[in-house]
Amino acid sequence: MPERTDTRTPARAPSPDVIDSRSEPQLEPALASWIREPLDDAVDRRRRVIVPPAAAAMGTPLNGYQKQLMAEARRPDTVMMMGDNPELPKMPERPTLEDFFRLRFGPIAYTHLLQSARLAREQGLDEKVVTACLLHDIAIAGLLSANHGYWGAQMVAPYVDEEVAWAIEKHEALRYFPDESVGYTYPLAYIDYFGPDYRPPEYLRCEHEAARRHRWYMTSRLITINDVYSFDPSVTVDFGEYEDVVGRNFRQPRDGLGFDGSPVAHMWRTMIWPNNFL
Ligand SMILES: [Fe+2]
Ligand SMILES: [Fe+2]
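Here is the structure:
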């Protein structure tokens, strides 16, 4: 398989001549970063406005830009972003899991998922566990971080064994609670992320306790054991290593992820066109 390369280009602010020619006051740089100027070779010369989704904007200064961004879209040379964002690689008509890994997931998430799966496979663990490790943070990779275990489990549920989806959902709670019987301790990374005084909320405590009594507990626990954050940067991983595992454990829909009419197709479409206004 070809080495993965990140073909995306960084977001570009409007060129100075675009800004200078306008009669309105100059856009703040933070606001301008949500407006896509046409690429040099674009046939469609209109600017496109991206309105940050509520889940990303709430509680941040971005929320204050909503009105201005809506006003920008009323300019005759500007439309709301819908469909392919030229800053992102174009997805195939019938996207596969591999396409999302290669064309949508950022390098940190891509490496994290593949390294987790590799650790599981090197220990000779069941393919269900390897699959769960490969997919466990798929929501963080492409959709939403908050409640990522739950989002991730739903995203893959129609395509994997029920046990795999269950394990992905529960890893979110289990990650916070040690299990010394299998050598799992509280992640050092969480002390950095959340501070030493962080205590998980009650609902996660309840989820953890219920999960421990479940017959699939160890499948989910094994995700947390292989969920490591310190990687050797010299080690390379490629999705191609898991083609066989994915082929046996992920029921790729014939019409492509996002277009199979499943109850979760919209989640995959959101990753194909993450900047759609509606
Ligand atoms: Fe996770
Ligand atoms: Fe993880």
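Throughout the sequence shown, residue numbering follows our numbering, covering 1 to 278 in sequence.
A virtual CB, placed ideally from N, CA and C, is assigned to each residue, including glycine.
{"Item": "Shorter than 6 Å, the distance from the beta carbon of residue 192 to the closest heavy atom of ligand 1, or not?", "Value": "no"}
{"Item": "How far does the beta strand (DSSP E) with residue 47 in it reach, from first residue to last?", "Value": "47–49"}
{"Item": "Take the Cβ of residue 16 as the centre, count every other Cβ of all protein chains shown within 10 Å, and call the residue buried at 16 or more, exposed below.", "Value": "Low per-residue confidence applies at residue 16: pLDDT is 37, beneath 50, and the placement is therefore not dependable enough to give any value."}
{"Item": "Check for me: the beta strand (DSSP E) holding residue 80 runs from which residue to which?", "Value": "78–80"}
{"Item": "Excluding the 5 residues flanking residue 272 on each side, which residues of the same chain have their C-beta closer than 8 Å to its C-beta?", "Value": "91, 95, 104, 258"}
{"Item": "Could you give the DSSP three-state label for residue 99: helix, strand or coil?", "Value": "helix"}
{"Item": "What are the boundary residues of the alpha helix (DSSP H) that residue 107 is part of?", "Value": "107–122"}
{"Item": "So, is residue 30 buried or exposed, given that buried needs 16 or more other C-beta atoms within 10 angstroms?", "Value": "exposed"}
{"Item": "How big is the Cα-Cα spacing for residue 102 and residue 242?", "Value": "13 Å"}
{"Item": "Is the beta carbon of residue 63 closer than 7 Å to that of residue 56?", "Value": "no"}
{"Item": "Keeping to the same chain, check which residues put their C-beta closer than 6 Å to that of residue 50; ignore five residues upstream and five downstream.", "Value": "34, 81, 275"}
{"Item": "Less than 7 Å between the C-beta atoms of residue 159 and residue 251, yes or no?", "Value": "yes"}
{"Item": "Return yes when the Cβ of residue 132 is within less than 7 Å of the Cβ of residue 167, no when it is not.", "Value": "yes"}
{"Item": "If you measure from the CB of residue 179, is any heavy atom of ligand 1 nearer than 6 Å?", "Value": "no"}
{"Item": "Residue 127 and residue 219 - do their beta-carbons sit closer together than 7 Å?", "Value": "no"}
{"Item": "Quick one: grab the DSSP three-state call for residue 176.", "Value": "coil"}
{"Item": "Assuming residue 208 contacts residue 173 under a Cβ cut-off of 8 Å, what Cβ separation, rounded to an integer in Å, is found between them?", "Value": "4 Å"}
{"Item": "Among 93, 28, 221, which residue has its Cα nearest to the Cα of residue 254?", "Value": "93"}
{"Item": "Helix, strand or coil for residue 205? Go by DSSP, reduced to three states.", "Value": "helix"}
{"Item": "Cα separation between residue 268 and residue 98?", "Value": "13 Å"}
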